[in-house]
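Novice: This is the structure I have questions about; it appears just below.
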Amino acid sequence: MFNPTNKPLIVQSDSTVLLDVHDPGAEEARRSLSQFAELEKSPEHIHTYRITNLSLWNAAAAGFSPEELLGSLQDFSRFPLPDSLGISMKETMNRFGALQLFPTSEDKVLYLGTRQKAIYAELEAHPRLKKLLIPYDPQSARGIQTEPAVPPLGFLVQLLHRGTIKQQLINLGYPVEDMAPLREGSPLDITLQDRTPNGQPFEIRDYQTQSVQAFLGEKRPGTGFGTIVLPCGAGKTIVGLAAMAELGQETLILTTNSSAVHQWIRELREKTTLEEDQIGEYTGSKKQIRPVTVATYQILVWRPDKESDFPHFDLLRSRNWGLVIYDEVHLLPAPMFRVTAELQALRRLGLTATLVREDGLEREVFSLVGPKRFDIPWKDLEGRGWIAQAFCVEYRCDLPEARKIPYATADRRQKYRIASENPIKYDIAEYLIAKHRGESILVIGQYLDQLRTISKELGAPLLTGETPQTERDVLYSKFREGSIKVLVVSKVANFAIDLPDASVAIQISGSFGSRQEEAQRLGRILRPKKQHSFFYTIISRNTSEEEFSLNRQKFLTEQGYRYSIEIWDGDPRTDPAPHTRSSGEKTEA
DNA sequence: TATGGGGAAA
DNA sequence: AATAATTCCCCATA
0 MFNPTNKPLI VQSDSTVLLD VHDPGAEEAR RSLSQFAELE KSPEHIHTYR ITNLSLWNAA
60 AAGFSPEELL GSLQDFSRFP LPDSLGISMK ETMNRFGALQ LFPTSEDKVL YLGTRQKAIY
120 AELEAHPRLK KLLIPYDPQS ARGIQTEPAV PPLGFLVQLL HRGTIKQQLI NLGYPVEDMA
180 PLREGSPLDI TLQDRTPNGQ PFEIRDYQTQ SVQAFLGEKR PGTGFGTIVL PCGAGKTIVG
240 LAAMAELGQE TLILTTNSSA VHQWIRELRE KTTLEEDQIG EYTGSKKQIR PVTVATYQIL
300 VWRPDKESDF PHFDLLRSRN WGLVIYDEVH LLPAPMFRVT AELQALRRLG LTATLVREDG
360 LEREVFSLVG PKRFDIPWKD LEGRGWIAQA FCVEYRCDLP EARKIPYATA DRRQKYRIAS
420 ENPIKYDIAE YLIAKHRGES ILVIGQYLDQ LRTISKELGA PLLTGETPQT ERDVLYSKFR
480 EGSIKVLVVS KVANFAIDLP DASVAIQISG SFGSRQEEAQ RLGRILRPKK QHSFFYTIIS
540 RNTSEEEFSL NRQKFLTEQG YRYSIEIWDG DPRTDPAPHT RSSGEKTEA
């Protein structure tokens, strides 16, 4: 390492922070930075983070003070911090909680209070908001709480508008601190088992307990709703189960697809004292509504046509739920926001590996589900052996001469396809498979044609969306027991949580740079069985694939995965003088 | 009860 | 900004 300064950060006045990944203090700085900044770019040497309003509000909701954050920036910063940054960070963070919601003596009315005249005036003048806000007259009979005293300036708000108002205010730049009480649901007797059915002792991990405590907050005002952020494989389901057990109320669990529904039901049966008839499945094929019900988002947002209502929204009101769990809350479909806005009196627990949404609706999640209550650095979990240490390597290879002309003359979308289907990728895949002989390997791709070809070349079975469930089960079990070592899979790998463990994944093509997809694939595939896992991405050099690969990697680096870039100059096993250039950290074990 | 097709979504 | 593939829902058939 050159220039060891232990000052890995360069903090700039435009709210970006550059991280020198080669600095010995880089890991520690990253850990601190990720609590209040978002990763934007992550090429080999310098990573760019951005301090956003939302990242600061999450930090504020978690109890960080601006002074603390500035202090840690200062500690790692190579140059003095820009004054303007400190001022704007303080200003932004102080806006969280500048407006607070409280109960009143009336059942259906809340009090939105502030200590700041300017904010009061701004809301009073706001064309859309003022319709929802009733100026509070201290002479009126309507009682606001005096113990502890609420801020003197404020409005009355219909309970009905609780969500809408929070949504609109966050867009104005005022994330509301919601101190109004939540509704208690019907009681439910549920305890975690201390052994799994096959006699294994089952213990909840400390960070899972901490997550639950941070979420429930001993039922203090302003707690009982929010999001827990844990890496894939860290046991988010257990957090959900533990929250249910701690709370002891009827619960509705919402997930992304039907295999996730089945997974939750399996876990509920295995790890809690609930009886089978207390657990319901509400999906396309079954419509059970029971004290604990697991449903897909899709069934809730389904409607016969664009004009109709959502016929399954009734599920949300059909029982007196004490808790709604939003699994993979970063994938919450947009129409669910509307209904979530109406459910502000329910306890809401979001579970996710990332707060980033591809559609940029992070603020909706913040205002309607709730702020981040807990996360744990990926590094900590890795260090304690809860999740595998994963290495990401990107291989870059040239297009074959014969395809360079077709590439140059193709239109934009064909370019990407030609780059993706570069046949040299097959050589690299073969090389990597040989290198990891004996391990369970997944080859993942985007195009069925390409996958069929490589499946034939490698003599490895192919699994796609068309593969019927019975055939999948056969492939899964063979892969699990090891009689199949290499499995070629399409996008099914993104969703199939029943896919068995693998320790090596080779991605030969991917979709348009979705960060989530990348993380999902990696997280789902690389379970903590082994100490080390490898995730290879193969892309064509000097093609449009390079742009997308950058975006994809953002997320991985943010999560703390390290990756390196290898240039492919032919198979190093047969090439007498391989000059493979490598950058980033070495990954060879 | 299973299977296949159409439409929508992210 | 965009592709292709997948999955989910419901409904119609047998």
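Under numbering that gives the first Met the number 0, the first residue of the first sequence carries the number 0, and numbering increases by one thereafter. Here a beta-carbon is modelled for each residue, glycine too, at the ideal position from N, C-alpha and C. Computed from a predicted model, the values in this text were never measured in an experiment.
1) Should Ser476 be labelled buried (16 or more other beta-carbon atoms within 10 Å of its own) or exposed?
2) Helix, strand or coil for Tyr110 per DSSP?
3) Compute the Euclidean distance between the alpha carbons of Gln277 and Thr195, then round it to the nearest angstrom.
4) With H, G and I counted as helix, E and B as strand and the rest as coil, what does DSSP make of Asp74?
5) Assign Arg383 to one of two classes, buried (16 or more other C-beta atoms within 10 Å of its C-beta) or exposed (fewer than that).
6) Could you check the C-alpha separation between Trp377 and Glu363 for me, to the nearest Å?
7) Please classify Ile86 as buried or exposed, where buried requires at least 16 other C-beta atoms within 10 Å of its C-beta.
8) For Trp438, which residues of its own chain have a beta-carbon under 6 Å away from its beta-carbon, when the five flanking residues on both sides are left out?
9) Could you check which residue in Asp193, Leu69 and Cys231 has the C-alpha nearest to that of Ile375?
10) Let me know the secondary structure DSSP gives Ile143 once reduced to three states.
11) Report the rounded CA-to-CA distance for Gly112 versus Phe95, giving the unit in angstroms.
12) Residue ranges of each alpha helix (DSSP H) run of no fewer than 4 residues wholly in the segment 407 to 466, ordered along the chain?
13) Specify, as a first and last residue, the run of the beta strand (DSSP E) that Thr91 falls within.
14) So, do the segment 482 to 490 and the segment 455 to 470 have three or more beta carbon pairs nearer to each other than 8 Å?
15) Measuring alpha carbon to alpha carbon, tell me which residue in Trp567, Gln166, Ile133 and Lys6 is nearest Cys396.
16) Can Thr222 and Gly216 be called in contact, C-beta distance under 8 Å?
17) Excluding the 5 residues flanking Ser210 on each side, which residues of the same chain have their C-beta closer than 6 Å to its C-beta?
18) For Leu474, which residues in the same chain have their Cβ closer than 8 Å to its Cβ, ignoring the five residues on either side in sequence?
19) Pick out the complete beta strand (DSSP E) segments inside the segment 246 to 293, 3 residues or longer, and give them in chain order.
20) Are the CB atoms of Gly369 and Leu246 nearer to each other than 8 Å?
21) Grab me the residues of Phe478's own chain with a C-beta within less than 7 Å of its C-beta, minus the 5 sequence neighbours each way, in chain order.
22) Mapping DSSP to helix, strand and coil, what is Phe19?
23) Which residue wins for smallest C-alpha separation from Ala233, given the options Ala124, Asp379 and Glu361?
24) Taking the beta strand (DSSP E) that Ala389 falls in, what are its first and last residues?
25) Could you check how far apart the C-beta atoms of Glu544 and Tyr415 are, in whole angstroms? I think they sit under 8 Å.
26) Do the CB positions of Gln99 and Met178 come within less than 8 Å of each other?
27) Should the segment 339 to 350 be regarded as contacting the segment 290 to 299, the criterion being three or more beta carbon pairs within less than 8 Å?
28) With which residues is His531 paired in a DSSP beta bridge?
29) Determine the DSSP secondary structure at Leu158, reduced to helix, strand or coil.
30) So, helix, strand or coil for Ser563, using DSSP?
31) Cα separation between Asn256 and Lys116?
32) Name the DSSP bridge partner or partners of Asp177?
33) Less than 6 Å between C-beta atoms, sequence neighbours within five positions excluded: which residues of the same chain meet that for Asp13?
34) When DSSP labels each residue in this structure, what does Ala61 get in the three-state scheme?
35) What are the residues that DSSP puts in a beta bridge with Ser539?
36) Quick one: using the 10 Å Cβ neighbour count with 16 as the cut-off for buried, is Phe78 buried or exposed?
Specialist: Looking at the coordinates:
1) Counting from 1 along the first sequence, the entry for residue 476 is found at position 477. That one is exposed.
2) Here the question's residue 110 lines up with position 111 in the first sequence. Reduced to three states, the DSSP call for Tyr110 is strand.
3) Here residue 277 is taken as the residue at index 278 of the first sequence, counted from 1. Here residue 195 is taken as the residue at index 196 of the first sequence, counted from 1. Distance between the alpha carbons of Gln277 and Thr195 is about 19 Å.
4) If you number the first sequence from 1, residue 74 lands on position 75. Shown here, Asp74 sits in a helix according to DSSP, grouped into three states.
5) Locating residue 383 in the first sequence gives position 384, where the first residue counts as 1. With fewer than 16 other Cβ atoms inside 10 Å of its own Cβ, Arg383 counts as exposed.
6) Residue 377 sits at position 378 when you count from the first residue of the first sequence. Residue 363 sits at position 364 when you count from the first residue of the first sequence. Their backbone Cα atoms lie some 25 Å apart in a straight line.
7) On the first sequence, position 87 is the one that residue 86 refers to. Flag for Ile86 reads exposed.
8) What you label residue 438 is simply residue 439 of the first sequence in a count that begins at 1. Residue identity differs from the one stated: residue 438 is Glu in this sequence, not Trp. Once the five neighbours on either side are set aside, the close Cβ partners of Glu438 are Ser502 and Val503.
9) Translated into positions along the first sequence, residue 375 becomes position 376. The option with the nearest alpha carbon to Ile375 is Cys231.
10) Here the question's residue 143 lines up with position 144 in the first sequence. Ile143: strand per DSSP, three-state reduction.
11) Position 113 of the first sequence holds residue 112. Position 96 of the first sequence holds residue 95. About 13 Å.
12) 411 to 419, 423 to 434 and 447 to 457
13) By 1-based counting over the first sequence, the position of residue 91 is 92. No beta strand (DSSP E) holds Thr91; the alpha helix (DSSP H) holding it covers Asp82 to Arg94.
14) yes
15) To locate residue 396, count along the first sequence from 1; it is residue 397. Comparing Cα positions, the closest option is Trp567.
16) For the purposes of this step, residue 222 is taken as residue 223 along the first sequence, with counting starting at 1. For the purposes of this step, residue 216 is taken as residue 217 along the first sequence, with counting starting at 1. Contact flag set, yes.
17) Walking along the first sequence from the start, residue 210 turns up at place 211. The answer, listed in chain order, is Ile227, Val238 and Phe373.
18) Residue mapping note: residue 474 aligns to position 475 of the first sequence, counting from 1. If we look at Leu474 and ignore the five residues flanking it on each side, its Cβ neighbours are Pro460, Leu462, Thr466, Ile483 and Leu486.
19) 250 to 254 and 278 to 281
20) What you label residue 369 is simply residue 370 of the first sequence in a count that begins at 1. What you label residue 246 is simply residue 247 of the first sequence in a count that begins at 1. No.
21) Indexing the first sequence from 1 puts residue 478 at position 479. Once the five neighbours on either side are set aside, the close Cβ partners of Phe478 are Ser439, Leu486 and Pro499.
22) Working through the first sequence from its first residue, we reach residue 19 at position 20. Checking the sequence shown, residue 19 turns out to be Asp, not Phe. DSSP places Asp19 in strand when its eight states are reduced to three.
23) As a working mapping, residue 233 is identified with position 234 in the first sequence. Comparing Cα-Cα distances from Ala233 to each of Ala124, Asp379 and Glu361, the minimum goes to Asp379.
24) Translated into positions along the first sequence, residue 389 becomes position 390. Ala389 -> beta strand (DSSP E) spans Gln388 to Cys396.
25) Numbered from its first residue, the first sequence carries residue 544 at position 545. Numbered from its first residue, the first sequence carries residue 415 at position 416. Contact flag correct, Cβ pair sits at about 7 Å.
26) Along the first sequence, one-based indexing puts residue 99 at 100. Along the first sequence, one-based indexing puts residue 178 at 179. In this structure, Met178 lies closer than 8 Å to Gln99 by Cβ.
27) no
28) Within the first sequence, numbered from 1, the residue matching residue 531 stands at position 532. Paired residue(s): Gln388.
29) As a position in the first sequence, residue 158 is number 159, starting the count at 1. In this structure, Leu158 counts as helix in the three-state DSSP scheme.
30) Counted from its first residue, the first sequence places residue 563 at position 564. Ser563: strand per DSSP, three-state reduction.
31) As a working mapping, residue 256 is identified with position 257 in the first sequence. As a working mapping, residue 116 is identified with position 117 in the first sequence. Rounded to the nearest angstrom, the two C-alpha atoms are 47 Å apart.
32) Taking the first residue of the first sequence as position 1, residue 177 is located at position 178. Leu100, per the DSSP bridge assignment.
33) Position 14 of the first sequence, counting from 1, holds the residue named residue 13. Annotation for Asp13: no residue places its beta carbon closer than 6 Å to its own, counting only its chain and skipping 5 residues before and after.
34) One-based indexing of the first sequence puts residue 61 at position 62. In the structure shown, Ala61 sits in coil (DSSP, three-state: anything other than H, G, I, E or B).
35) By one-based count along the first sequence, residue 539 stands at place 540. In DSSP, Ser539 forms a bridge with Cys396.
36) The residue given as residue 78 occupies position 79 in the first sequence. Exposed, because fewer than 16 other Cβ atoms sit within 10 Å of the Cβ of Phe78.
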